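Working notes, beginning with the structure itself.
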Amino acid sequence: WSGMKYKDDFCPLKDSKLRRILASVFEVGMHTSMLLPEWAIGRALWGMLNITTRSYNRFEFWDEGRNGIRVTVRCPSLTDPDDVECLQNTRDLFELQSATAGDRRIGERFSTSAYNIGSMSFGRPLGHSGAKPAVIAKLFSAASKWGPGRSGWQSYDDTWECTDKKDHLGNVIEEQGRTIWITPGAGRIPSTPRQREDMISTEVDRADEAVPSKAKMWLLPTLLLLAMTCFLMSILSSFSRMASA
Numbered sequence: 003w004s005g006m007k008y009k010d011d012f013c014p015l016k017d018s019k020l021r022r023i024l025a026s027v028f029e030v031g032m033h034t035s036m037l038l039p040e041w042a043i044g045r046a047l048w049g050m051l052n053i054t055t056r057s058y059n060r061f062e063f064w065d066e067g068r069n070g071i072r073v074t075v076r077c078p079s080l081t082d083p084d085d086v087e088c089l090q091n092t093r094d095l096f097e098l099q100s101a102t103a104g105d106r107r108i109g110e111r112f113s114t115s116a117y118n119i120g121s122m123s124f125g126r127p128l129g130h131s132g133a134k135p136a137v138i139a140k141l142f143s144a145a146s147k148w149g150p151g152r153s154g155w156q157s158y159d160d161t162w163e164c165t166d167k168k169d170h171l172g173n174v175i176e177e178q179g180r181t182i183w184i185t186p187g188a189g190r191i192p193s194t195p196r197q198r199e200d201m202i203s204t205e206v207d208r209a210d211e212a213v214p215s216k217a218k219m220w221l222l223p224t225l226l227l228l229a230m231t232c233f234l235m236s237i238l239s240s241f242s243r244m245a246s247a
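Residue numbers (the working numbering): 3 to 247.
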């Protein structure tokens, strides 16, 4: 595509989420991409482009025998036509990916989180298993480490370091959650855990500073009232002495 030479002008890495999505699919881990067929990479990209924001009403757990306990979710109906279309595209994609045992293994191996989200939403209605509760619990657990990469487009992605800790063979030796809490009013996730701690400390300091100011607002009227009371009592005391004399 000849337009790719203008990608840095129209889709700069720092500002373009679409550019980083494309980079994550086609530029990251070429050794992994070489293990995947081209159709699998295309489906991954299509799935990212059709992500919708959904609310969950409740989780439902099922005993699926040899598959163990699985979880599904119930969601309110979408009202935006674009969201409805994206959700249908996502459902069709999951149905395609789960059609054969081989495709399911690829999804579970290389896109564990995304595949289990699909299983949680569409698995049982399509005749497949629900999601693994451990995977869903991990997705909604708080992350302890995150931050941008050191170079390339990853340096603009504050979630790049939000991964499990692995050994030199690629085996997971320490898992972590995938939820990064946003400080109220911040509008975006903090770049690193340290930045989040600083933001929280700042909010606490502001709250502490606000308390004395409120106290001072109440202190002045109270002092004035006390002074007026003392003044009136002194006048009444003087009148009382004069009357006694």
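Heads up, the beta-carbon is just placed ideally off N, CA and C, and yes, glycines get one too.
Since we're looking at a predicted model, the values are computed, not measured.
Rounded C-beta distance between Met122 and Ile138? I'm assuming under 8 Å. 6 Å
Would you say Leu24 reaches chain D, if we count a Cβ-Cβ gap shorter than 7 Å as a contact? Of the protein chains in this structure there is only one, and it is not chain D.
Exposed unless 16 or more other CB atoms sit within 10 angstroms - verdict on Lys134: buried
Name the two residues that bound the continuous alpha helix (DSSP H) containing Phe63. Looking at the DSSP string, Phe63 is not in any alpha helix (DSSP H); the run it does join, the beta strand (DSSP E), is 60-65.
Measuring only the C-alpha atoms, how far is Ser131 from Val73? 9 Å
Evaluate contact between the region 78-85 and the region 52-65, counting only Cβ atoms and requiring at least three cross-stretch pairs below 8 Å. yes
What would DSSP say about Lys168, mapped onto helix, strand or coil? strand
Only counting the same chain, and skipping five residues up and downstream in sequence, which positions put a Cβ closer than 8 Å to that of Ser143? Gln178, Gly179, Arg180, Thr181
Below 8 Å on the Cβ atoms is my guess for Ala46 versus Ser113; work out the distance and round it to an integer in Å. 6 Å
Is it right to say Gln90 is buried, meaning 16 or more other beta carbons lie within 10 angstroms of its own, or is it exposed? exposed
Which same chain residues end up closer than 7 Å to Leu20 when comparing Cβ atoms and leaving out the 5 residues on each side of it in sequence? Cys13
Rounded straight-line distance, which links the Cα of Asn118 to that of Gly31: Reliability of the predicted coordinates at Gly31 is poor, the pLDDT of 46 falling under 50, and the value obtained from them is presented with this limitation in mind. Using only the alpha carbons, I get a separation of about 22 Å.
Whole alpha helix (DSSP H) elements within the region 110-185, 4-residue minimum: 114-120, 135-141
Are three or more beta carbon pairs between the region 91-98 and the region 147-156 nearer than 8 Å? no
How should Pro192 be labelled, buried or exposed, when 16 other C-beta atoms within 10 angstroms of its C-beta is the threshold for buried? buried
Rounded C-alpha distance that separates Trp48 from Glu97: 13 Å
How would you call Asp160, buried or exposed, if buried means at least 16 neighbouring beta carbons within 10 angstroms? buried
When you compare only the Cα positions, how much space is there between Leu15 and Ile23? 10 Å
Please name the residue, chosen from Asp11, Arg76, Arg60, Lys168, that lies closest to Phe124 on a Cα-to-Cα basis. Arg76
What three-state label does DSSP hand Thr74 in the structure shown? strand
Considering just the uninterrupted stretch of the alpha helix (DSSP H) at Ala25, what are its terminal residues? 19-28
Just the C-alpha distance for Ile175 and Glu199, rounded to the nearest angstrom, thanks. 26 Å
Alpha-carbon to alpha-carbon, Pro127 and Val86: 17 Å
Can you tell me whether Pro14 is helix, strand or coil according to DSSP? coil
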